[in-house]
Amino acid sequence: MTLDHYPATRAVLDALHAAAARDARRWRDRTGTTDATVNAGGGGALVRLGEFYLAVSPDEGRLLYILARAIKAGRIVEFGASYGISSLYLAAAARDNAGTLITTEVHPDKCAALRATFAATELADAITLLEGDARETLRPVSGPIDMLFLDGWKSAYLPIFELLRPSLRAGALIVADNCTHAAAADYLAVVQSPASGCITSVRDSIAISCVLP
Ligand SMILES: C[S@@+](CC[C@H](N)C(=O)[O-])C[C@H]1O[C@@H](n2cnc3c(N)ncnc32)[C@H](O)[C@@H]1O
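In my numbering, the protein residues as written are 13 to 225.
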């Protein structure tokens, strides 16, 4: 088990993971695929697909927690909260590192659900939710940022990376989920290029990049 030192958060996460598993079946019936990235690239899809969880698995959540703890990330930014599953793993790590999470979500119904979800955990005061298009709401966010998790629509990965790149500290990690989706090809090309100042590894469609000193 993970996060047992936050029992309320653990209970909320268990319920969210169960709901996300049910939702994945609904997604499969609607789209005919288990590919959670289908149709998620275009700008018009910003809210249209917003009803679905499309969440990280428990194992991916633990990976986020481990990475954030390992680099002592106290200032973490997330693009795409959905119903808050990944947010809670990241917020727990941020809190355990004496820091905070800034997360983002554009879908109004999900924002309302997120406020209630975070309030039901021990982590509410470690989370700032920015409501609206992250390409705008993240503009005022200052550095240094220790870790960035990209999990909104893939066509916005590159604009958000470019927006926050000056604020990412040396040694910061950028984790990009579903990065082999065609709409994230521009992002992947940039972080795999030495000019980005990052070194990047891709496995199971998750790209992990480190900002080199
Ligand atoms: C794949 S889901 C995120 C899943 C979540 N990270 C988790 O693991 O629980 C993507 C979410 O990003 C949101 N999103 C997409 N584009 C966005 C944007 N430009 N600004 C803010 N949120 C966005 C969608 O509404 C959707 O809820």
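Just so it is clear, CB atoms sit at the ideal spot from N, CA and C, and this is done for glycine as well.
C-alpha distance - residue i paired with residue j, whole-angstrom precision
i    : j    : result
S69  : P178 : 30 Å
Q204 : C222 : 11 Å
P105 : G144 : The sequence shown places Ala at residue 105, not Pro. Their backbone Cα atoms lie some 24 Å apart in a straight line.
S99  : K166 : 18 Å
A25  : D16  : The amino acid at residue 25 is misidentified as Ala; the sequence shows Leu. So the two alpha carbons sit approximately 11 Å from each other.
A207 : L224 : 11 Å
G209 : A67  : 29 Å
A82  : E72  : 15 Å
I220 : A188 : 7 Å
L200 : A131 : 35 Å
A36  : E174 : 31 Å
A103 : R40  : 29 Å
I157 : A196 : 22 Å
R215 : P120 : 32 Å
E63  : S154 : 30 Å
In DSSP terms, what residue i is bridged to
i    : result
R215 : I218
E72  : DSSP output for E72 lists no bridge partner at all.
F91  : T116 and L162
L142 : T116
I78  : Paired residues: none, contrary to the question.
C210 : V223
L157 : Note on identity: in this sequence residue 157 is Ile, with Leu being the wrong assignment. I157 pairs with L180.
Burial state of residue i (16 or more Cβ within 10 Å)
i    : result
I78  : exposed
E117 : buried
R107 : buried
S213 : exposed
R87  : buried
I211 : exposed
D137 : exposed
A80  : buried
A263 : Any question about residue 263 goes unanswered here, given that the chain covers just 13 to 225.
Sequence-distant residues of its chain with Cβ nearer than 7 Å to residue i (five each side left out)
i   : result
H3  : What is shown of the chain runs 13 to 225, which leaves residue 3 out entirely.
A23 : none
For residue j and residue i, believed in contact at Cβ under 8 Å, the rounded distance
i    : j    : result
T115 : E90  : 4 Å
T129 : R74  : In fact, because the Cβ distance is near 19 Å, the residues do not count as touching under 8 Å.
I186 : L162 : 7 Å
L160 : L176 : 6 Å
I172 : R147 : 6 Å
A85  : N109 : 6 Å
Contacting residues, own chain, Cβ-Cβ under 6 Å from residue i (five flanking each side not counted)
i    : result
L141 : T115 and L126
T133 : A20, T21 and V24
A32  : Y65 and A67
D198 : L170
P194 : Rather than Pro, the amino acid found at residue 194 in this sequence is Ala. The answer is none, since no qualifying residue turns up.
Y101 : G73, L76 and Y77
Residues of its chain near residue i, where Cβ-Cβ distance is below 8 Å and the 5 sequence neighbours each way are ignored
i   : result
Y95 : L28, A31, A32, Y65, A67, K122, A125, L126 and T129
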